[in-house]
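Residue numbers (the UniProt record's numbering): 1 to 137.
Note that the Cβ used here is the ideal one computed from N, Cα and C, for glycine as well.
Below is one structure; the comments refer to it alone.
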Amino acid sequence: MTENKKRPNPIDVHVGSRVRLRRNMIGMSQEKLGERLGITFQQIQKYEKGTNRVGASRLQAISAILNVPVEFFFQDAPREDGEQPSGFSEDAAQPLVPDFMSSTETMQLTRAFMKISDPKVRRKIVDLIKTLADTSE
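Structure representation (structure tokens):
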């Protein structure tokens, strides 16, 4: 007999990944979010993995704490049939918010980049990164 492990619902996984993305974007820890919600960081981990479903009132509270509308958590969510939605020019096989967007390094880079106020300096950094990416191929 095979073991029947219950898989998280794809929508729950998506919502959880969007919670993690936004939390990392603003530099908030799981502990801090849990504290503000009156729950443990372990519960935040379960929400972010999609293991536990986020209820409507809790999602409303998370959206207020993370300062985004509730709709943010459902952007680019998979449809009921499991297919990813595709926009006008997006490749349906490419997720619109790739996993690397949730990485610690990406969040650190983004926060540091946004602190640079001079648009010319930011443009030069983008050009440098493009040049480095082209030479590494």
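Run of the alpha helix (DSSP H) containing residue i, from where it starts to where it stops
i	result
M114	104-114
G16	10-25
K36	Reading off the sequence shown, one finds Arg at residue 36, where the question assumed Lys. That run of the alpha helix (DSSP H) goes 30-37.
E48	41-49
A56	56-66
Beta-carbon gap between residue i and residue j smaller than 8 Å
i	j	result
R18	I65	no
R123	F113	no
N52	M107	no
Rounded straight-line distance, which links the Cα of residue j to that of residue i
i	j	result
G38	D134	47 Å
A92	A77	Only weak support exists for where A92 lies, its pLDDT of 43 falling under 50; the value from the coordinates is given anyway. When rounded, the distance between both Cα atoms is 12 Å.
V54	E105	27 Å
V68	R58	14 Å
P8	K120	45 Å
I26	K5	34 Å
I129	S63	33 Å
K115	Q30	23 Å
Q60	K32	17 Å
(request) Report yes or no: do three or more beta-carbon pairs, one from the region 27-46 and one from the region 72-80, lie closer than 8 Å? (result) no
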